[in-house]
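Engineer: When we follow the UniProt record's numbering, the leftmost residue of the sequence shown carries the number 11, and every step to the right adds one. Glycine included, every Cβ here is placed at the ideal spot set by N, Cα and C. Provided herewith is a single structure, encoded as structure tokens, for subsequent inquiry.
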Amino acid sequence: PTSADLTPAGELVLAGLTATDLARDFGTPAFVMDEKHFRDRARLFRDSFTEAFAAVGAEVDVYYAGKSFLSVAVARWAREEGLRVDTCTGGELAVALRAGVPGAEIGLHGNNKSDAEISRAIEAGVGRVVVDSFAEIDRVAELARDAGRDSSTRVPVMVRVTTGIHAGGHEFISTAHEDQKFGVSLTGGQALAALRAVLDHPELELLGAHTHIGSQIQDAAAFEANARKMLALRADLETETGYLLPELDLGGGYGIAYVPSETPIDVPALARDLAGAVGAVCAELGTTVPRISIEPGRSVVGSTTVTLYTVGVVKPVTLDDGSVRTYVSVDGGMSDNIRPALYGAEYTARLANRSGSAETVRARVVGKHCESGDIVISDIELPSDVTPGDLLAVPATGAYGRSMASNYNHVLRPPVVAVADGAARVIVRRETEDDLLALDVG
Ligand code: LLP
């Protein structure tokens, strides 16, 4: 946060509300989400990409990747800002539908969709089912027939393609290299064969090809290289079959800054560079520019949210070399943010209820779970007078925080509180013990 976000006493202010007031009214831990910031990010993607691709004669759809964080309110905001919604399970699809997002503006992904998920998507009239394997092509066709679809009411389908481009912040979130579970590979003509297989099914409409190379990518050049491969595939398909794919989906994965040393992807620059590259390749190939879609998640929602924790036990621990590390325990941890444990992800934090002393200590912010790897921030300087009852704010927790939250140790998952113009409202309520116990039927 900048100094503009602090009161003279050093209290953090979020959309006009102090952290102290928010913690008092909603408890901690809590995800506090800036609604205006979310809407601004959504619009930035829509406007930047629309404008950049209009310059090369193409239209763009921006799908908000719901896996990063989805709730009924957020799906509505996304839609109000002109975004569609990308889902990858029946659960995400249900949230988008509950929010009133029309089926035609929803996409369904997944490498192992159930028949029920596919049928629900067909019934909802989703704008696209992104098929992930040869076997799934036949299955979607069969379920489309079961639903009474035929050549006049075809189900729109994209094929997810693995382009071999290796990018992304961590192996677990890189998705387009060869040895992983997603998509159909470009190698050996497999992707071409999958596209042709879709064309062979009268109840399927081949909308295009889809690719997503990974997540938290800082290197914009990887997206361009990927787009080139997809355009070449489109040209090959046209040569072989005469069918020109109307659309290409270039996925999401745009990186954000978690800590000050990181640089977020510059969205307008990315859009311009990508549109320029796509336009140039199409001109070389002598073909029209396809409709383009993208699926950003993290880069829309990540920076909108701050997690507020209350500090509990503060414990100085003497290390082998005689130095001291202060363990600062907070009232959440790996159940509301698994990313440090899972990916070695880095975060920063600051006191949110006061400035604290200028003198700092070497600290480690840890959670309340029965696991030593339950670390929020491995190494951070905090005011040396940090004390139980202080509030700690961890920014950039909007993506893959609440959405990957668990009930480990029967901890209750935190609420998401939306703040805008000095007002706050709960958009996902805090779990209760009754919620937890409702599942125990024995
Ligand atoms: N589209 C597809 C097909 C995806 O698989 C993903 C992310 C996205 C879009 C959105 O990617 P984004 O723009 O949010 O990077 N849990 C991990 C991230 C997993 C991403 C999985 N797929 C994390 O916390 O870093």
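Hey, is Glu305 close to ligand 1, as in C-beta under 7 Å from one of its heavy atoms?
Structural biologist: Numbered from its first residue, the sequence shown carries residue 305 at position 295. Flag set: Cβ of Glu305 near ligand 1.
Engineer: Between which two residues does the alpha helix (DSSP H) carrying Met344 extend?
Structural biologist: Within the sequence shown, the letter at position 334 stands for residue 344. Per DSSP, Met344 belongs to no alpha helix (DSSP H) and is neither H nor E.
Engineer: Tell me which same chain residues have a C-beta within less than 6 Å of the C-beta of Met414, skipping the five on either side of it?
Structural biologist: Here residue 414 corresponds to residue number 404 of the sequence shown, with the count starting at 1. Only Ile348 meet the Cβ criterion.
Engineer: Please report how far the alpha carbon of Pro11 lies from the alpha carbon of Pro350, in whole angstroms.
Structural biologist: Against the sequence shown, residue 11 aligns to sequence position 1. Against the sequence shown, residue 350 aligns to sequence position 340. Note that Pro11 scores a pLDDT of 47, beneath 50, so its modelled location is shaky; the value from the coordinates is reported in the next line. So the two alpha carbons sit approximately 21 Å from each other.
Engineer: Checking the sheet assignment: what are the DSSP bridge partners for His220?
Structural biologist: As a first step, residue 220 must be located in the sequence shown, where it is residue number 210. Answer is Arg170 and Asp259.
Engineer: Starting from Pro405, trace the beta strand (DSSP E) in both directions and tell me its first and last residue.
Structural biologist: For the purposes of this step, residue 405 is taken as the residue at position 395 of the sequence shown. From DSSP, the beta strand (DSSP E) with Pro405 extends over Leu401 to Pro405.
Engineer: Compute the minimum distance between the beta carbon of His211 and the heavy atoms of ligand 1, and state whether it is under 7 Å.
Structural biologist: Position 201 of the sequence shown holds residue 211. No, the Cβ of His211 stays beyond 7 Å of every heavy atom of ligand 1.
Engineer: Suppose only complete runs of 4+ residues qualify. What are the alpha helix (DSSP H) ranges in the UniProt domain "Orn/DAP/Arg decarboxylase 2 C-terminal" (313-408), listed by chain order?
Structural biologist: The UniProt domain "Orn/DAP/Arg decarboxylase 2 C-terminal" (313-408) contains these whole alpha helix (DSSP H) runs: 349-353.
Engineer: Using 8 Å as the Cβ pair cut-off and three pairs as the minimum, do the region 213-222 and the region 168-178 touch?
Structural biologist: Segments in contact, yes.
Engineer: Could you tell me the distance, in whole angstroms, from the CA atom of Gly452 to the CA atom of Thr336?
Structural biologist: The residue you call residue 452 lines up with position 442 of the sequence shown. The residue you call residue 336 lines up with position 326 of the sequence shown. Approximately 43 Å, taken between the alpha carbons.
Engineer: When every heavy atom of ligand 1 is checked, does at least one fall within less than 7 Å of the C-beta of Asp96?
Structural biologist: Locating residue 96 in the sequence shown gives position 86, counting from the first residue. Checking every heavy atom of ligand 1 against the Cβ of Asp96, one is found closer than 7 Å.
Engineer: Just mark residue 1 as buried or exposed, buried being the case when its beta carbon has 16 or more other beta carbons within 10 Å.
Structural biologist: A question about residue 1 goes unanswered here, because the residues of the chain that appear run from 11 up to 452.
Engineer: Determine the contact status of Ile302 and Leu260, defining contact as a CB-CB distance below 8 Å.
Structural biologist: Here residue 302 refers to the residue found at position 292 when the sequence shown is read from its first residue. Here residue 260 refers to the residue found at position 250 when the sequence shown is read from its first residue. Going by C-beta atoms, Ile302 is nearer than 8 Å to Leu260.
Engineer: Name the DSSP bridge partner or partners of Leu214?
Structural biologist: Taking the first residue of the sequence shown as position 1, residue 214 is located at position 204. Leu214 pairs with Val165.
Engineer: Between which two residues does the beta strand (DSSP E) containing Gly92 stretch?
Structural biologist: In the sequence shown, counting from the first residue as 1, residue 92 sits at position 82. Where Gly92 is concerned, there is no enclosing beta strand (DSSP E), given that its DSSP letter is neither H nor E.
Engineer: For ligand 1, is there a heavy atom less than 7 Å away from the beta-carbon of Met414?
Structural biologist: To locate residue 414, count along the sequence shown from 1; it is residue 404. Correct: Met414 has its Cβ closer than 7 Å to ligand 1.
Engineer: Suppose the cutoff is 7 Å on Cβ atoms and the five residues either side in sequence are ignored; what does the same chain contact list for Ala88 look like?
Structural biologist: To locate residue 88, count along the sequence shown from 1; it is residue 78. Here the set comprises Ala52, Tyr74 and Val95.
Engineer: Under a three-way DSSP split, which group does Arg439 fall into?
Structural biologist: Taking the first residue of the sequence shown as position 1, residue 439 is located at position 429. Three-state result, Arg439: coil.
Engineer: Can you give me the C-alpha to C-alpha distance between Ile116 and Asp31, rounded to a whole angstrom?
Structural biologist: Here residue 116 refers to the residue found at position 106 when the sequence shown is read from its first residue. Here residue 31 refers to the residue found at position 21 when the sequence shown is read from its first residue. Approximately 37 Å, taken between the alpha carbons.
Engineer: Cβ of Tyr357 within 8 Å of Cβ of Ala406?
Structural biologist: The sequence position of residue 357 within the sequence shown is 347, counting from 1. The sequence position of residue 406 within the sequence shown is 396, counting from 1. In this structure, Ala406 lies closer than 8 Å to Tyr357 by Cβ.
Engineer: Can you tell me the Cβ-Cβ gap for Ser345 and Tyr418, rounded? I've got them flagged as a contact below 8 Å.
Structural biologist: On the sequence shown, position 335 is the one that residue 345 refers to. On the sequence shown, position 408 is the one that residue 418 refers to. That pair is a contact at about 5 Å.
Engineer: Would you tell me roughly how many angstroms separate the C-alpha atoms of Val136 and Val436, rounded to the nearest one?
Structural biologist: The residue you call residue 136 lines up with position 126 of the sequence shown. The residue you call residue 436 lines up with position 426 of the sequence shown. Their Cα atoms are separated by approximately 29 Å.
Engineer: Let me know the secondary structure DSSP gives Phe79 once reduced to three states.
Structural biologist: On the sequence shown, position 69 is the one that residue 79 refers to. Looking at Phe79 - three-state DSSP - the assignment turns out to be coil, as it is neither helix nor strand.
Engineer: What residue does the beta strand (DSSP E) around Arg138 start on, and which one ends it?
Structural biologist: If you number the sequence shown from 1, residue 138 lands on position 128. From DSSP, the beta strand (DSSP E) with Arg138 extends over Arg138 to Val141.
Engineer: Once you ignore the five residues that flank Gly312 on each side, which residues in its own chain have a CB closer than 6 Å to its CB?
Structural biologist: As a first step, residue 312 must be located in the sequence shown, where it is residue number 302. So the qualifying residues of the chain are Ile266, Ala406, Gly408 and Ala409.
Engineer: Apart from the five residues just before and just after Lys325, which ones in its own chain have a Cβ nearer than 6 Å to its Cβ?
Structural biologist: Residue numbering aside, residue 325 sits at position 315 when the sequence shown is read from its first letter. Closer than 6 Å at Cβ, skipping near neighbours: Tyr337.
Engineer: Which runs of the alpha helix (DSSP H) spanning at least 4 residues fall entirely within the region 23-74, listed in chain order?
Structural biologist: Taking only runs of at least 4 residues, the alpha helix (DSSP H) segments lying wholly in the region 23-74 are 29-36 and 45-64.
Engineer: Does the contact criterion of 3 or more C-beta pairs under 8 Å hold for the region 421-430 versus the region 33-41?
Structural biologist: Because the criterion of three Cβ pairs below 8 Å is met, the region 421-430 and the region 33-41 touch.
Engineer: Less than 8 Å between the CB atoms is what I'm expecting for Arg364 and Ala19, so what's the real figure, rounded?
Structural biologist: Taking the sequence shown and counting its residues from 1, one reaches residue 364 at position 354. Taking the sequence shown and counting its residues from 1, one reaches residue 19 at position 9. Confirmed, Cβ separation roughly 6 Å.
Engineer: In the DSSP assignment, find the unbroken beta strand (DSSP E) run with Ser129 in it and report its ends.
Structural biologist: The residue you call residue 129 lines up with position 119 of the sequence shown. Segment Asp125 to Ala134 is the alpha helix (DSSP H) holding Ser129; no beta strand (DSSP E) there.
Engineer: For ligand 1, I want to know if Arg56 counts as a neighbour, meaning its beta carbon is within less than 7 Å of at least one of the ligand's heavy atoms.
Structural biologist: Taking the first residue of the sequence shown as position 1, residue 56 is located at position 46. Because no heavy atom of ligand 1 lies under 7 Å away, the Cβ of Arg56 does not count as near it: no.
Engineer: With DSSP as the reference, please indicate the residues paired to Gly117 in a beta bridge.
Structural biologist: Taking the sequence shown and counting its residues from 1, one reaches residue 117 at position 107. In the DSSP output, where bridge partners are listed per residue, Gly117 has Asp96 and Arg138.
Engineer: Starting from the Cα of Leu27, find the closest Cα among Asp450, Ala433, Val376 and Val438 and give me that residue.
Structural biologist: Here residue 27 corresponds to residue number 17 of the sequence shown, with the count starting at 1. Ranking Asp450, Ala433, Val376 and Val438 by Cα distance to Leu27 puts Ala433 first.
Engineer: Relative to the C-alpha of Val77, which residue among Glu102, Asp276 and Phe41 is closest?
Structural biologist: As a first step, residue 77 is located in the sequence shown; it is residue number 67 there, counting from the start. Looking at the sequence provided, one finds Lys at residue 77 rather than Val. Looking at the Cα atoms, Glu102 is the closest of the given residues.
Engineer: Report back the beta-carbon spacing between Val421 and Ala25 to the nearest angstrom; my notes put them in contact at under 8 Å.
Structural biologist: Locating residue 421 in the sequence shown gives position 411, counting from the first residue. Locating residue 25 in the sequence shown gives position 15, counting from the first residue. That belief does not hold up - the Cβ atoms of Val421 and Ala25 are roughly 27 Å apart, past 8 Å.
Engineer: In terms of alpha-carbon separation, which member of Thr251, Glu272 and Leu107 lies closest to Ala355?
Structural biologist: Taking the first residue of the sequence shown as position 1, residue 355 is located at position 345. Out of Thr251, Glu272 and Leu107, Glu272 has the C-alpha closest to the C-alpha of Ala355.
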